[in-house]
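**Q** One structure follows; several queries about it will come next.
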Amino acid sequence: MADADDTPTGPAPAPDRLPVPRLTSRSGLLWGLATLVGLLAVCATVFVTQPQNRWAVLVLVPVAVLLVAFVLVRSAWVETATGTVVHRTLLGSRRVPLAEADRLRLVTNRGGGLLLQVRRRGSRRAVHLPVLALTDYVRRSQDPATLRALAGQVEAFAPERTRVAGQLVRQAEHLEGGGSPEDSPLAALVTHSVTTAAKGGGAAGGTSLLD
Numbered sequence: 008m009a010d011a012d013d014t015p016t017g018p019a020p021a022p023d024r025l026p027v028p029r030l031t032s033r034s035g036l037l038w039g040l041a042t043l044v045g046l047l048a049v050c051a052t053v054f055v056t057q058p059q060n061r062w063a064v065l066v067l068v069p070v071a072v073l074l075v076a077f078v079l080v081r082s083a084w085v086e087t088a089t090g091t092v093v094h095r096t097l098l099g100s101r102r103v104p105l106a107e108a109d110r111l112r113l114v115t116n117r118g119g120g121l122l123l124q125v126r127r128r129g130s131r132r133a134v135h136l137p138v139l140a141l142t143d144y145v146r147r148s149q150d151p152a153t154l155r156a157l158a159g160q161v162e163a164f165a166p167e168r169t170r171v172a173g174q175l176v177r178q179a180e181h182l183e184g185g186g187s188p189e190d191s192p193l194a195a196l197v198t199h200s201v202t203t204a205a206k207g208g209g210a211a212g213g214t215s216l217l218d
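Numbering of the sequence shown is given in my numbering, commencing with residue 8 and proceeding in unit increments.
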């Protein structure tokens, strides 16, 4: 379940938009920003004290800022009036109407995350909405209200996908009953092959790649 400091802040969403929050923690975001500030401080020191290495600073700083901006700008929502899933990044937005999707299912990212995959007919690229995260650092599910709203959108615009809608509703019921993300109905669909491989490789070398 989400901690108190994970409560989303900011302006209220538009009434015809269902936001689907990223399943991260505020502490993780603060850690990332602190890391960026520390990196910029080191780069400033190098720029002043090591003129021969200024070229490296001029390359590294823009790249770091772009990476942070790419992470911060990412967002996803469903336009409830049309059932259109929207995923926005720094490079632009992708839109997939649920009614035009030939693939609508829950998939694992093999790193502890479970995603709702939506792919338009004739396209090889899909839009993904986070549903559940069970990692070493984040153990969160979308809240019951979001899960039920997503299920409602599926039922309204892709009524043939009753299995997906039912999975989302059962997850919501579990959380409403006081259950945790770890023992939720969707937890069994989550796999960790990517992180397990990384840890195994790190252990062989005496350290974890995820530390």
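The beta carbon of each residue, even a glycine, is placed where N, CA and C say it ideally should be. Everything numeric in this text was worked out from a predicted model, so none of it was measured.
1) Name, in chain order, the residues that DSSP records as bridge partners for His94.
2) So, with DSSP's three-state summary, where would you put Gln124?
3) If you follow the alpha helix (DSSP H) that Ala108 is part of, which residue opens it and which one closes it?
4) Going by beta carbon distance, what residues of the same chain come within less than 6 Å of Gly120, once the five residues before and after it are set aside?
5) Ends of the beta strand (DSSP E) at Pro26?
6) Compute the Euclidean distance between the alpha carbons of Ser148 and Val138, then round it to the nearest angstrom.
7) Using only the alpha-carbon positions, how far apart do Thr91 and Leu97 sit?
8) Going by beta-carbon coordinates alone, are Ala106 and Phe164 separated by less than 7 Å?
9) For Thr142, which residues in the same chain have their Cβ closer than 6 Å to its Cβ, ignoring the five residues on either side in sequence?
10) Touch check for the segment 175 to 195 and the segment 57 to 73: three-plus C-beta pairs under 8 Å?
11) Does the ligand COA have even one heavy atom less than 6 Å from the beta-carbon of Arg95?
12) Taking all protein chains shown into account, decide if Pro166 is buried (16 or more other Cβ within 10 angstroms of its Cβ) or exposed.
13) Could you pull out every residue in the same chain whose Cβ sits closer than 7 Å to the Cβ of Glu189, ignoring the five residues on either side in sequence?
14) Helix, strand or coil, according to DSSP, for Arg177 in the structure here?
**A** From the atom records:
1) Indexing the sequence shown from 1 puts residue 94 at position 87. Its beta-bridge partners are Ala83 and Arg101.
2) On the sequence shown, position 117 is the one that residue 124 refers to. Here Gln124 sits in strand by DSSP.
3) Numbered from its first residue, the sequence shown carries residue 108 at position 101. No alpha helix (DSSP H) holds Ala108; the beta strand (DSSP E) holding it covers Ala108 to Thr115.
4) The sequence position of residue 120 within the sequence shown is 113, counting from 1. Only Ala140 meet the Cβ criterion.
5) Taking the sequence shown and counting its residues from 1, one reaches residue 26 at position 19. Arg24 to Pro26 is the extent of the beta strand (DSSP E) around Pro26.
6) Position 141 of the sequence shown holds residue 148. Position 131 of the sequence shown holds residue 138. If I take the Cα positions, the gap works out to 6 Å.
7) Within the sequence shown, the letter at position 84 stands for residue 91. Within the sequence shown, the letter at position 90 stands for residue 97. Their Cα atoms are separated by approximately 20 Å.
8) Here the question's residue 106 lines up with position 99 in the sequence shown. Here the question's residue 164 lines up with position 157 in the sequence shown. Against a cut-off of 7 Å, the Cβ pair of Phe164 and Ala106 comes out as a contact.
9) Locating residue 142 in the sequence shown gives position 135, where the first residue counts as 1. Same-chain partners within the cutoff: Gly119.
10) no
11) As far as ligands go, the structure on display features none, and thus does not contain the ligand COA.
12) Along the sequence shown, read from residue 1 onward, the residue named residue 166 stands at position 159. Burial call: exposed.
13) As a first step, residue 189 is located in the sequence shown; it is residue number 182 there, counting from the start. Leu141 and Arg146, listed in sequence order.
14) If you number the sequence shown from 1, residue 177 lands on position 170. It is helical.
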